[in-house]
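**Q** Sharing a structure below in structure tokens format, with a few things to ask.
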Amino acid sequence: MGALLQRGSVNFVPVLNGLFAPLLLTVILQEVKTWTDACRTTSPEPLGCTHTCTHTPQGTRWRWRTSGPAALSVLKTWLYLIVGLIMIPAMFGFSLGISETYMNILVKTLEWATLKIQKANIKERLKASPSNSLIQREDGSMEKELEELRRSRPKPPVGGDFTLSDCFYFTHRGIESIVEDEVTQRLRLTLVYGLGIFVRYCILAPLRITLASIGLSWLVIGTSAVGLLPNSSVKSWLSEWVHVMCYRICARGLSATIRYHNRENKPKKGGICVANHTSPIDIVILCNDGCYAMVGQIHGGLLGVIQRAMVRSCPHVWFERAEMKDRHLVTKRLMDHVNDKTKLPILIFPEGTCVNNTSVMMFKKGSFEIGATIYPVAIKYDPKFGDAFWNSSKYSMVSYLLRMMTSWALDCNVWYMPAMHQQDGEDAVQFANRVKSAIAHKGGLIDLQWDGGLKRAKVKETFKEQQQKKYSSMVVGDDSSGSSD
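Quick note on numbering: the numbering used here labels position 454 of the sequence shown as 454, and the sequence is numbered without any gaps.
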């Protein structure tokens, strides 16, 4: 949809920012002001605000208490904020700068906290210093210090014990407290940590859960509605628009800052997009910039409802559990999909499992046996604001999503790479390894030959036998060379 906002050399995104942002903010602020003014009026029960009055000698006191309709007004204002500041910009593919401002504030706050911790560690290592404070404090009592100050001054006049030099003590102590307070200095990071817990669990989590619910609901409703249309170019365009819009809402619900590089290499129809796999959020990250056809097993429950709705408007490739074991059937359906140049590119994660974004593990050869054009994509997350890795052996899907909903933000880089084709004399395994090495190099990841499935399964006997044969050949070779001598 972002491409629809550009015509020739004119970019309409700044124009939309300038038109939509003031309009949306004006409508939202006017709604908040209307509700606030109504609750402050003296008319009985405005917008569900009940009141009681108490007559006192000082006057009449009004005590307001909100009821159900007022809560609905608050909810309506909350939805206005979400729709106006997040959903509408996501629909048209532009930003109001809220995420960028939030990320800048977050970075500066974390840098400040890091410097504080580093300075505290340095102070603890300074054993030669008699004090770890910024200033040298006096340990004497008030009486002792005042007495020392008065010794250097003329004696007070008869009838009073006050001298002007007494002010010096209180001024000195006040300046010490301003420069470095002994109490709040010890609680500063603790207060920041407590504030962070409040922001993450009381503000960000409800907002993100609301956006995720809206995005998934809109995905089901929108794809189901588009699926009722006859097959045409309009249906394909609407399907892509609904998919991308819903994924953008979900991405903004995670406070995701995504930087896409080399967009001229984006996957095209009739090809296969392969990428390294860190978490289920990888799908949201990639589909935020374009629409793909998914490949996977048919599930039940809520995920099954979403799958059935999506396949009505877009030719995703879903398999039954029994069909997944039939490699020939899977390969045939994938080949039929990529041979149709009007269908969306297939998105596949050849690792088959989530890896912690430090390396790229062995690619399964299935998607490289089809002979289609491969579009490699490298995804690299910044763990500074939250760990995107899904350790499925430790966290369930719900637990993982809750952890992501309460993280600070999601920072990610995506590199689109030039299309790659299978070379003459190159088998599927060699082709998969060549693509994997290119992705690892582009994303700054370690290229490993190990199968990621080993984290759940035992090492195959064939692999053990292979290592035994290598060692046996070394021993036999040494023995034969020794006997020949």
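Built from N, CA and C at the ideal position, the CB exists for glycine as well.
Rounded to the nearest angstrom, how far is the Cβ of Trp415 from that of Asn262, given a contact under 8 Å?
**A** One-based indexing of the sequence shown puts residue 415 at position 415. One-based indexing of the sequence shown puts residue 262 at position 262. About 6 Å; that satisfies the 8 Å criterion.
**Q** For a test of the three-state rule: what should DSSP assign to Val377, helix, strand or coil?
**A** Translated into positions along the sequence shown, residue 377 becomes position 377. Strand, per DSSP.
**Q** Looking at the strands, I want to know which residues DSSP matches up with Trp359.
**A** As a first step, residue 359 must be located in the sequence shown, where it is residue number 359. Reading off the sequence shown, one finds Ser at residue 359, where the question assumed Trp. DSSP, once it has assigned bridges, lists Ile446 as partnering Ser359.
**Q** Whole angstroms are fine: how far does the CA of Asn391 sit from the CA of Asn356?
**A** Numbered from 1 along the sequence shown, position 356 holds the residue referred to as residue 356. Numbered from 1 along the sequence shown, position 391 holds the residue referred to as residue 391. Between Asn356 and Asn391, the C-alpha separation is close to 8 Å.
**Q** In the DSSP assignment, the alpha helix (DSSP H) including His328 goes from what residue to what residue?
**A** Taking the first residue of the sequence shown as position 1, residue 328 is located at position 328. Arg327 to Asn339 is the extent of the alpha helix (DSSP H) around His328.
**Q** Below 8 Å on the Cβ atoms is my guess for Val435 versus Met420; work out the distance and round it to an integer in Å.
**A** For the purposes of this step, residue 435 is taken as the residue at position 435 of the sequence shown. For the purposes of this step, residue 420 is taken as the residue at position 420 of the sequence shown. Going by Cβ atoms, the distance from Val435 to Met420 rounds to 6 Å, so yes, they are a contact pair.
**Q** What's the call for Pro376, buried or exposed, on a 16-neighbour Cβ count within 10 Å?
**A** By 1-based counting over the sequence shown, the position of residue 376 is 376. With 16 or more other Cβ atoms within 10 Å, it is buried.
**Q** Just list the residues that DSSP pairs Gly296 with in beta bridges.
**A** Walking along the sequence shown from the start, residue 296 turns up at place 296. DSSP lists Trp318 as partners of Gly296.
**Q** If you scan the segment 218-264 from start to end, which runs of the alpha helix (DSSP H) of 4 or more residues do you find wholly inside it?
**A** Here the runs fully enclosed are 233-253.
**Q** What do you get for Ser367, buried or exposed, if any count of 16 or more other CB atoms within 10 angstroms of its CB means buried?
**A** Numbered from its first residue, the sequence shown carries residue 367 at position 367. Buried: at least 16 other Cβ atoms inside 10 Å.
**Q** Does the distance from the CB of Val220 to the CB of Ile306 come in under 8 Å?
**A** Counting from one through the sequence shown, the residue named residue 220 turns up at place 220. Counting from one through the sequence shown, the residue named residue 306 turns up at place 306. Going by C-beta atoms, Val220 is nearer than 8 Å to Ile306.
**Q** So, Thr353 versus Gly453, is the Cβ gap smaller than 8 Å?
**A** Locating residue 353 in the sequence shown gives position 353, where the first residue counts as 1. Locating residue 453 in the sequence shown gives position 453, where the first residue counts as 1. Going by C-beta atoms, Thr353 is nearer than 8 Å to Gly453.
**Q** Starting from the C-beta of Ala71, find all residues in its chain whose C-beta is less than 6 Å away, skip the five residues before and the five after it, and write them out in chain order.
**A** As a position in the sequence shown, residue 71 is number 71, starting the count at 1. Correct list: empty, nothing qualifies.
**Q** Is Asn443 near Asn276, with beta carbons less than 8 Å apart?
**A** Against the sequence shown, residue 443 aligns to sequence position 443. Against the sequence shown, residue 276 aligns to sequence position 276. For clarity, residue 443 is Gly in the given sequence; the question names Asn instead. Yes, Cβ-Cβ distance for Gly443 and Asn276 is below 8 Å.
**Q** Determine the direct distance from the alpha carbon of Gln297 to that of Ser396, and round the result to whole angstroms.
**A** Here residue 396 refers to the residue found at position 396 of the sequence shown. Here residue 297 refers to the residue found at position 297 of the sequence shown. Distance between the alpha carbons of Ser396 and Gln297 is about 18 Å.
**Q** Identify, in the order they occur along the chain, each residue of the same chain with its Cβ nearer than 6 Å to the Cβ of Val429, setting aside the five sequence neighbours on each side.
**A** Counting from one through the sequence shown, the residue named residue 429 turns up at place 429. Closer than 6 Å at Cβ, skipping near neighbours: Lys365.
**Q** Where does Ala419 sit, in a helix, a strand or coil, going by DSSP?
**A** Taking the first residue of the sequence shown as 1, we reach residue 419 at position 419. Correct three-state label for Ala419: coil.
**Q** Looking only at C-alpha atoms, which of Tyr193, Lys469, Ser239 and Phe94 sits nearest to Gln225?
**A** The residue given as residue 225 occupies position 225 in the sequence shown. For the sequence presented, residue 225 should be read as Ala rather than Gln. Nearest of Tyr193, Lys469, Ser239 and Phe94 to Ala225, Cα basis: Ser239.
**Q** Taking the C-alpha atoms as reference points, what is the distance between Gln423 and Met87?
**A** Mapped onto the sequence shown, residue 423 falls at position 423. Mapped onto the sequence shown, residue 87 falls at position 87. Their backbone Cα atoms lie some 45 Å apart in a straight line.
**Q** Count the other C-beta atoms from every protein chain shown that fall within 10 angstroms of the C-beta of Val360, then say buried if there are 16 or more, exposed otherwise.
**A** If you number the sequence shown from 1, residue 360 lands on position 360. Label assigned to Val360: buried.
**Q** Put Asn391 into one of helix, strand or coil per three-state DSSP.
**A** In the sequence shown, residue 391 corresponds to position 391, counting from 1. In this structure, Asn391 counts as coil in the three-state DSSP scheme.
**Q** Cα separation between Gly290 and Cys246?
**A** Here residue 290 refers to the residue found at position 290 when the sequence shown is read from its first residue. Here residue 246 refers to the residue found at position 246 when the sequence shown is read from its first residue. Roughly 12 Å separates the two Cα atoms.
**Q** With Ile82 and Thr210 assumed to form a contact (beta carbons below 8 Å), what rounded beta-carbon distance in angstroms separates them?
**A** Within the sequence shown, numbered from 1, the residue matching residue 82 stands at position 82. Within the sequence shown, numbered from 1, the residue matching residue 210 stands at position 210. Correct: roughly 6 Å between the Cβ atoms.
**Q** Can you tell me which of the three DSSP states Asp424 falls into?
**A** What you label residue 424 is simply residue 424 of the sequence shown in a count that begins at 1. Coil.
**Q** With burial defined as no fewer than 16 other Cβ atoms inside 10 Å of the residue's Cβ, what is the status of Ile105: buried or exposed?
**A** Mapped onto the sequence shown, residue 105 falls at position 105. Per the 10 Å Cβ criterion, exposed.
**Q** Please tell me whether Lys455 and Asp411 are closer than 8 Å, where the distance is taken between their beta carbons.
**A** Here the question's residue 455 lines up with position 455 in the sequence shown. Here the question's residue 411 lines up with position 411 in the sequence shown. No.
**Q** Within this structure, are the beta carbons of Ala90 and Thr223 separated by less than 8 Å?
**A** Taking the sequence shown and counting its residues from 1, one reaches residue 90 at position 90. Taking the sequence shown and counting its residues from 1, one reaches residue 223 at position 223. Contact flag unset, no.
**Q** Using the Cβ count rule (16 or more neighbours within 10 Å means buried), how would you classify Arg501?
**A** It is not possible to answer for residue 501, since the shown part of the chain is limited to 1 through 485.
**Q** Would you mind reading off the limits of the alpha helix (DSSP H) that contains Ile88?
**A** Counted from its first residue, the sequence shown places residue 88 at position 88. That run of the alpha helix (DSSP H) goes Ile88 to Phe92.
**Q** Could you tell me the boundaries of the alpha helix (DSSP H) in which Leu302 lies?
**A** Your numbering for residue 302 matches position 302 in the sequence shown. Note, Leu302: alpha helix (DSSP H), Gly301 to Ser313.
**Q** Applying the criterion that 16 or more other CB atoms from any shown protein chain within 10 Å of the CB defines a buried residue, is Val295 buried or exposed?
**A** Indexing the sequence shown from 1 puts residue 295 at position 295. Under this definition Val295 is a buried residue.
**Q** Enumerate in chain order the residues of its own chain whose CB-to-CB distance from Leu229 is below 6 Å, with the five nearest sequence positions on each side excluded.
**A** Numbered from 1 along the sequence shown, position 229 holds the residue referred to as residue 229. Counting only Cβ-Cβ distances below 6 Å, and skipping sequence neighbours, we find Lys235.
**Q** If contacts are defined as beta-carbon pairs under 8 Å, then Leu286 and Thr358 qualify, I think. What distance do you get, rounded to the angstrom?
**A** Residue numbering aside, residue 286 sits at position 286 when the sequence shown is read from its first letter. Residue numbering aside, residue 358 sits at position 358 when the sequence shown is read from its first letter. Wrong, their Cβ atoms sit about 20 Å apart, outside the cutoff.
**Q** Return the bridge partner residues of Cys287 from the DSSP annotation.
**A** Numbered from its first residue, the sequence shown carries residue 287 at position 287. Its beta-bridge partners do not exist; DSSP assigns none.
**Q** I need the boundaries of the beta strand (DSSP E) containing Val83, first residue and last residue.
**A** The sequence position of residue 83 within the sequence shown is 83, counting from 1. No beta strand (DSSP E) holds Val83; DSSP gives it neither H nor E.
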